[in-house]
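**Q** This structure is in structure tokens; I'll ask about it shortly.
Number of protein chains: 2
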Amino acid sequence: MGVTLERDIRERFRRSGYTLTSQRKAVLEALGESRGHPSAEDVYLLVKKKNPRVALGTVYQALSVLEEIGVIGAKHWSESPTRYDLNVEPHLDIRCLGCGAVSEIPGVGLGDLEDRLRAATPYEVTHAAVVVEGLCPACRAAG
Amino acid sequence: MGVTLERDIRERFRRSGYTLTSQRKAVLEALGESRGHPSAEDVYLLVKKKNPRVALGTVYQALSVLEEIGVIGAKHWSESPTRYDLNVEPHLDIRCLGCGAVSEIPGVGLGDLEDRLRAATPYEVTHAAVVVEGLCPACRAAG
DNA sequence: CTCGCGAATAGGAACGATTACTGATCACCG
DNA sequence: CGGTGATCAGTAATCGTTCCTATTCGCGAG
Ligand SMILES: [Mn+2]
Ligand SMILES: [Mn+2]
Ligand SMILES: [Zn+2]
Ligand SMILES: [Zn+2]
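Protein chains in written order, with the numbering used here: chain V, 1 to 143; chain E, 1001 to 1143.
Have a look at this one:
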């Protein structure tokens, strides 16, 4: 089972001072299982399959901790709860306005965008995200 | 007063079939007055100064219509209500994690990002937004 | 100028996502 | 084994936003 938990993740927990609890491991596992970009509720339902006693609030807290220590990412669209992602590299995620599915746009990075923005603003930039909206092929066909 | 309402905006209303009501004009005005990227609540408070009878729901409905016809834009961050913007060109907005202020990063466009993403996905792309988080100089100094 | 009608509004209730609270449990240290 | 602080389950509360309904508005037909 959870023997294979990346060294890097354990290290991040250790350094942050947070405990690597079974619930937090379960949330990570759920994010791995679900191919897409699940919401907190999605993660909650997955985690509950193996441990029916987990509380939704615990999932929110776990997601928050995991994001804080840089193990997962979160993005925000209109008309959708927050979506979470194991991919913490800068990348593009697109949400279908028809069916609501969120998926990744592979092969397209931010390029030099982050460098350019850091050079152009006096802010200390901590995070940059690109969110895209559109219609997936299926929904486009459906009309 | 509202004599100077861009031809383009009137035209968009006409084509969409929506009515250009006094409340919708007031919401546009409020967005013009407020330099930054106000929330619906911010807009509501501004509009109420001139017409205390407006309802918050009306402001939400107006913002929704204005976004739909392409006159304003909206972006979503964590820990903040939706922020609205008269700038509908693709551009970068940054939110300070300290004080919550949202401002624009001038001089940095998306470059060829939109072209590349359209080429790389089978989706029909309708909208792409970049949201950035960081610390403004004041908050960085404060600590 | 009235009347009629659909669109828009004010006001307030309802909703969904997220957070806050609280007593019980857990992980870890000595 | 106890003690101690972090975490958790369960639930209440909050917040942004949407929904609902009676009333008003804008406007064209007569
Ligand atoms: Mn992703
Ligand atoms: Mn902007
Ligand atoms: Zn779809
Ligand atoms: Zn600041």
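Think of the CB as a built atom: it goes at the ideal place given N, C-alpha and C, for glycine as much as any other residue. Quantities reported herein were computed from a predicted structural model and do not represent experimental measurements.
#1: Report the option in V:R24, V:E104, V:G111 and V:H76 whose CA atom is closest to the CA atom of P1122 (chain E).
#2: Report the rounded CA-to-CA distance for L92 (chain V) versus E29 (chain V), giving the unit in angstroms.
#3: Where DSSP assigns a beta bridge to C1096 (chain E), which residues make up the other side?
#4: Can you look up A1040 (chain E) in the DSSP assignment and give me helix, strand or coil?
#5: Using 8 Å as the Cβ pair cut-off and three pairs as the minimum, do the region 1008-1018 of chain E and the region 108-117 of chain V touch?
#6: Looking at chain E, which residues of the region 122-141 of chain V have a Cβ within less than 8 Å of any of its Cβ atoms?
#7: Run down chain E in chain order and give the residues with a C-beta less than 9 Å from the C-beta of G111 (chain V).
#8: Would you say E68 (chain V) and A74 (chain V) are within 8 Å of each other, going by their C-beta atoms?
#9: For R1118 (chain E), which three-state DSSP category applies?
#10: Which class does R1083 (chain E) belong to by DSSP, given the choice of helix, strand or coil?
#11: Quick check for students: name the residue ranges of the alpha helix (DSSP H) that lie wholly in the region 14-71 of chain V, counting only runs of 4 or more.
#12: Please return the same chain residues whose Cβ sits closer than 8 Å to the Cβ of A1040 (chain E), not counting the five positions on each side in sequence.
#13: State the DSSP-derived secondary structure class of A1142 (chain E), mapped to helix, strand or coil.
#14: Given that a residue counts as buried once 16 or more other Cβ atoms are within 10 Å of its Cβ, and exposed if not, what is V1130 (chain E)?
#15: To the nearest angstrom, how far is it from the Cα of V1125 (chain E) to the Cα of V1054 (chain E)?
#16: Going by Cα to Cα distance, which pick from V:V88, V:E6 and V:R35 is closest to G109 (chain V)?
**A** Looking at the coordinates:
#1: Walking along the second sequence from the start, residue 1122 (chain E) turns up at place 122. Cα-wise, what sits closest to P1122 (chain E) is V:E104.
#2: Reading the first sequence from its first residue, position 92 is the one you call residue 92 (chain V). Reading the first sequence from its first residue, position 29 is the one you call residue 29 (chain V). Taking the straight line joining both Cα atoms gives about 23 Å.
#3: Here residue 1096 (chain E) refers to the residue found at position 96 of the second sequence. Paired residue(s): E:G1134.
#4: For the purposes of this step, residue 1040 (chain E) is taken as residue 40 along the second sequence, with counting starting at 1. In this structure, A1040 (chain E) counts as helix in the three-state DSSP scheme.
#5: no
#6: P122, Y123, E124, V125, T126, H127, A128, A129, V130, V131, V132, E133, G134, L135, C136, P137 and R140
#7: Taking the first residue of the first sequence as position 1, residue 111 (chain V) is located at position 111. Per Cβ cutoff of 9 Å: G1111, D1112, L1113 and R1116.
#8: Numbered from 1 along the first sequence, position 68 holds the residue referred to as residue 68 (chain V). Numbered from 1 along the first sequence, position 74 holds the residue referred to as residue 74 (chain V). Not closer than 8 Å, so no.
#9: Along the second sequence, read from residue 1 onward, the residue named residue 1118 (chain E) stands at position 118. Note: R1118 (chain E) maps to helix in three-state DSSP.
#10: Within the second sequence, numbered from 1, the residue matching residue 1083 (chain E) stands at position 83. R1083 (chain E): strand per DSSP, three-state reduction.
#11: 22-33, 40-50 and 56-68
#12: Within the second sequence, residue 1040 (chain E) is the residue found at index 40, counting from 1. L1056, V1059, Y1060, L1063, P1081, T1082 and Y1084.
#13: Working through the second sequence from its first residue, we reach residue 1142 (chain E) at position 142. It is helical.
#14: Along the second sequence, read from residue 1 onward, the residue named residue 1130 (chain E) stands at position 130. V1130 (chain E) comes out buried.
#15: Within the second sequence, the letter at position 125 stands for residue 1125 (chain E). Within the second sequence, the letter at position 54 stands for residue 1054 (chain E). Their Cα atoms are separated by approximately 35 Å.
#16: As a working note, residue 109 (chain V) is residue 109 in the first sequence. Among V:V88, V:E6 and V:R35, the Cα nearest to that of G109 (chain V) belongs to V:V88.
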